[in-house]
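K.L.:
Following this message is one structure expressed as structure tokens.
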Amino acid sequence: MAKTATATLPANIPIVHIVATGGDYYRFGESGVTSHVERLSQDDTAFSSTSITFSVAGNNVTITKPAAITEGVHVVLSNGHYYRFERAVNTLALQQSSDSSLFASISLASA
1 MAKTATATLP ANIPIVHIVA TGGDYYRFGE SGVTSHVERL SQDDTAFSST
51 SITFSVAGNN VTITKPAAIT EGVHVVLSNG HYYRFERAVN TLALQQSSDS
101 SLFASISLAS A
């Protein structure tokens, strides 16, 4: 039986797209969607009681994500700014310094 991947989004990150290692693309937050049936069983490790965290230092934001999310994480902040962490790109420059206060952890689950 297929499992369901769920993302708990913080208030300042209303939309997140996650591309799992197998290339499966999950969109969370759009139209209020917070869960999806997992497409492949290998995607379970990407969502099983894990989280995506961010740290801000200076004018940069760095993402820490589960090992099974190797392809990408795309984040839309509440102010509309879009950050695209792809493959080995784990650190990006902030678009505005005020964005630093908008990054918060994204909790993931699989059931």
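At position 91 of the sequence shown the residue is numbered 91 (my numbering), and the sequence of numbers has no breaks. Even glycine gets a Cβ: it sits at the ideal position worked out from N, Cα and C. On a predicted model such as this, the values are computed, not experimentally measured, just so you know.
In chain order, what residues of the same chain have a beta carbon less than 8 Å from the beta carbon of THR4, not counting five sequence neighbours either side?
P.N.:
Taking the first residue of the sequence shown as 1, we reach residue 4 at position 4. For THR4, the CB contacts under 8 Å within the same chain, skipping 5 residues up- and downstream, are SER35, HIS36, VAL37, GLU38, SER110 and ALA111 in chain order.
K.L.:
Can you check DSSP and say which residues form a bridge with GLU86?
P.N.:
Locating residue 86 in the sequence shown gives position 86, counting from the first residue. According to DSSP, which records beta bridges pairwise, GLU86 is partnered with GLY72.
K.L.:
Helix, strand or coil: how does DSSP classify SER107 here?
P.N.:
To locate residue 107, count along the sequence shown from 1; it is residue 107. Of the three classes helix, strand and coil, the one that applies to SER107 here is strand, per DSSP.
K.L.:
Do PRO14 and SER105 have their beta-carbon atoms positioned less than 8 Å apart in this structure?
P.N.:
Counting from one through the sequence shown, the residue named residue 105 turns up at place 105. Counting from one through the sequence shown, the residue named residue 14 turns up at place 14. Contact: no.
K.L.:
I'd like to know whether the C-beta atoms of ILE63 and LEU108 end up nearer to each other than 8 Å.
P.N.:
Taking the first residue of the sequence shown as 1, we reach residue 63 at position 63. Taking the first residue of the sequence shown as 1, we reach residue 108 at position 108. No, these two residues do not count as a Cβ contact at 8 Å.
K.L.:
Can you give the Cα-Cα distance for SER78 and GLN42, rounded to whole angstroms?
P.N.:
Residue numbering aside, residue 78 sits at position 78 when the sequence shown is read from its first letter. Residue numbering aside, residue 42 sits at position 42 when the sequence shown is read from its first letter. Approximately 31 Å between the Cα atoms of the pair.
K.L.:
What residue does the alpha helix (DSSP H) around ALA46 start on, and which one ends it?
P.N.:
The residue labelled residue 46 in the question sits at position 46 within the sequence shown. Residues 44-47.
K.L.:
Exposed or buried, which one is VAL89 when buried takes at least 16 other CB atoms within 10 Å?
P.N.:
The sequence position of residue 89 within the sequence shown is 89, counting from 1. Looking at its Cβ environment, which holds fewer than 16 other Cβ atoms inside 10 Å, VAL89 is exposed.
K.L.:
Quick check on VAL33: buried or exposed, where buried means 16 or more other Cβ atoms within 10 Å of its Cβ?
P.N.:
The count along the sequence shown starts at 1 and reaches residue 33 at position 33. That one is exposed.
K.L.:
For SER51, report the span of its beta strand (DSSP E) as first-last.
P.N.:
Translated into positions along the sequence shown, residue 51 becomes position 51. Where SER51 is concerned, the enclosing beta strand (DSSP E) stretches over 50-57.
K.L.:
To which residues of the same chain is LYS173 closer than 7 Å at the C-beta, ignoring the five residues directly before and after it?
P.N.:
Look at the range of the chain in this structure, 1 to 111, and you will see that residue 173 is not part of it.
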